[in-house]
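I have placed the structure first, in the form of C-alpha cells, so that the comments after it can refer back to it.
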Ligand SMILES: [Zn+2]
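Numbering (the working numbering), first residue to last: -18 to 366.
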C-alpha cells in the first residue's frame, strides 16, 4: 500500500483549502473546516500556512447584519500572477492576470509575419516590456498559456491544424518555451474562453455549461463538473466540420457541406461576393438591415443553421447552462436576437426548460483570462511554494 508522506498530504490539503477560498471567498474558518471535512485545528493550521505564504488575506466583515464582525479569508489578488495570451489572425493579445481573474494590464500588438519563431520573439519582447513598464518584476509570475483557434493538442503542445494561420503540426509550445526559458502551454481559444466564463460568472457556479461560438469559425466547448471537457485529443466540440449537407458547398477541410460553410464569416463573405462587392461583415449586416434580397438570403440561412447548432449541441450534451459567444452574437444584436428567436422555434420540446441560455459576459479579454486562469488552476493543484 502506498502511504502518502506528511509533506504530500500537507500540500494536498493546502491545495484543497486554497481552491475553496478561490471559489467561495469570502469564507470563514468554520466554513472551510465544514466544507473540507477537516477538524477545526487542521483547517486553522492550513489557513495559517497559506497566510504565511502570502497567498490569502484575512478580512473582517459583518456576519449577522447586527454589526458584529467575523473573520473571513480571501485570496491575495496580487500574490499570484499568470500571463494569458491569445493569437488571432492579425493581433496578439497579452494580459497579466491576478489571483481570481483580475486583469491587471493588457496589451494588443499587431503582427505581419506569422512564422512561429517570429511570433515567439514578439510575445517575448512584449511580455518583457509589460513587466518593466508596469513594475511587475518583483511579482510571483507562475506561468503562461497561449490560446488560438484550431485543433490544439494541449498535452503535447502541438498545433495539429490551425486553418487561420495555415499551421499544420507546429510544436508551438516548445518554440515558445525555448524563447522564454520556462514551460508555456497552448490551448484552443474557445475552450479557454469557456473556462473563463465559467469561473468569472457567479451564475454559472456548479453548472454544466456549453459555450457555442459563432464568428470566424463555429465551435462549442464544454465545462462539466468545473473542468474543460476535452475528449481524447482536445478536439471535443469541433462542430464546425460536422457535415450538414453532403451536396452543399466545399469546405476548406476537403469535405462537402460542413456546418461552418453555412455560418462562418469567411464563407458568408465568399457567398456575398458573388452578389455584391462588399468585403466585411459590417457591410453584409448593413445590406441585410437594408433588406437587400441577397443579403437577407445569406444571413437568414446562417441564422437558421446557427439555431440548429444550438439545438444540436444541447441534444448531444444535455448542459444546464448554454452561453452564446463570438462576433455574430456580440457585435450584431439584430443577428443575435434572430438566432435566439429561431432556436426557440426549432428546439426539441423534451429539452425545453432544462437549461438557461445566456449571452457571454466576457469582452475581448475572454480567451486571455481563461488562459491565465488555467495556469493558476495548475499552480493551485500542484502547489509548490
Ligand atoms: Zn470542413
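Every residue gets a Cβ at the ideal spot worked out from N, C-alpha and C, and that includes glycine.
What you are looking at is a predicted structure, and each value in this text was computed from that prediction instead of being measured.
If I'm right that residue i touches residue j with Cβ under 8 Å, what's the distance once you round it to whole angstroms?
| i | j | result |
| --- | --- | --- |
| residue 121 | residue 166 | Residue 121 to residue 166, Cβ: 18 Å. No contact. |
| residue 8 | residue 1 | 7 Å |
| residue 65 | residue 350 | 6 Å |
| residue 215 | residue 134 | 6 Å |
| residue 49 | residue 41 | Not confirmed; about 10 Å, so no contact. |
| residue 218 | residue 203 | 6 Å |
| residue 119 | residue 86 | At roughly 15 Å, the Cβ-Cβ gap does not stay under 8 Å, so residue 119 and residue 86 are not in contact. |
| residue 58 | residue 83 | 5 Å |
| residue 182 | residue 342 | 6 Å |
| residue 168 | residue 126 | 6 Å |
Are the Cβ atoms of residue i and residue j separated by less than 8 Å?
| i | j | result |
| --- | --- | --- |
| residue 38 | residue 24 | no |
| residue 132 | residue 355 | no |
| residue 347 | residue 177 | yes |
| residue 101 | residue 156 | yes |
| residue 6 | residue 14 | no |
| residue 239 | residue 223 | yes |
| residue 63 | residue 353 | yes |
| residue 256 | residue 242 | no |
| residue 310 | residue 340 | yes |
| residue 128 | residue 67 | yes |
| residue 117 | residue 161 | no |
| residue 364 | residue -5 | yes |
| residue 328 | residue 289 | no |
| residue 3 | residue 81 | yes |
| residue 170 | residue 130 | yes |
| residue 140 | residue 104 | no |
| residue 261 | residue 323 | no |
| residue -10 | residue 17 | no |
| residue 175 | residue 230 | no |
Which partner residues does residue i have in the DSSP bridge list?
| i | result |
| --- | --- |
| residue 55 | 38 |
| residue 88 | 75 |
| residue 132 | 142 |
| residue 82 | BP columns for residue 82 are empty, so no partner. |
| residue 149 | 142 |
| residue 210 | 203 |
| residue 262 | Residue 262 pairs with nothing; no bridge assigned. |
| residue 64 | 77, 125 |
| residue 306 | 194 |
| residue 339 | 304 |
| residue 239 | 224 |
| residue 169 | 129 |
| residue 50 | 43 |
| residue 231 | 237 |
| residue 8 | 54 |
Open item on the list: Between the stretch 105 to 112 and the stretch 147 to 155, can you find at least three pairs of beta-carbon atoms closer than 8 Å?
Closed with: no
Task: Cβ contact check for the stretch 138 to 147 and the stretch 78 to 91: 3 or more pairs under 8 Å - done: no
Task: the stretch 290 to 303 / the stretch 332 to 343 touching (three or more Cβ pairs under 8 Å) - done: yes
Task: Three-pair Cβ contact test at 8 Å for the stretch 241 to 248 versus the stretch 197 to 204 - done: yes
Open item on the list: Below 8 Å, how does it come out for the stretch 276 to 289 and the stretch 304 to 324: are there three or more Cβ pairs, yes or no?
Closed with: yes
Open item on the list: If you measure from each CB to the nearest heavy atom of ligand 1 and keep those under 5 Å, what residues do you get, in chain order?
Closed with: 222, 232, 234, 236, 239
Task: Contact the stretch 179 to 192 vs the stretch 300 to 312: 3+ CB pairs below 8 Å - done: yes
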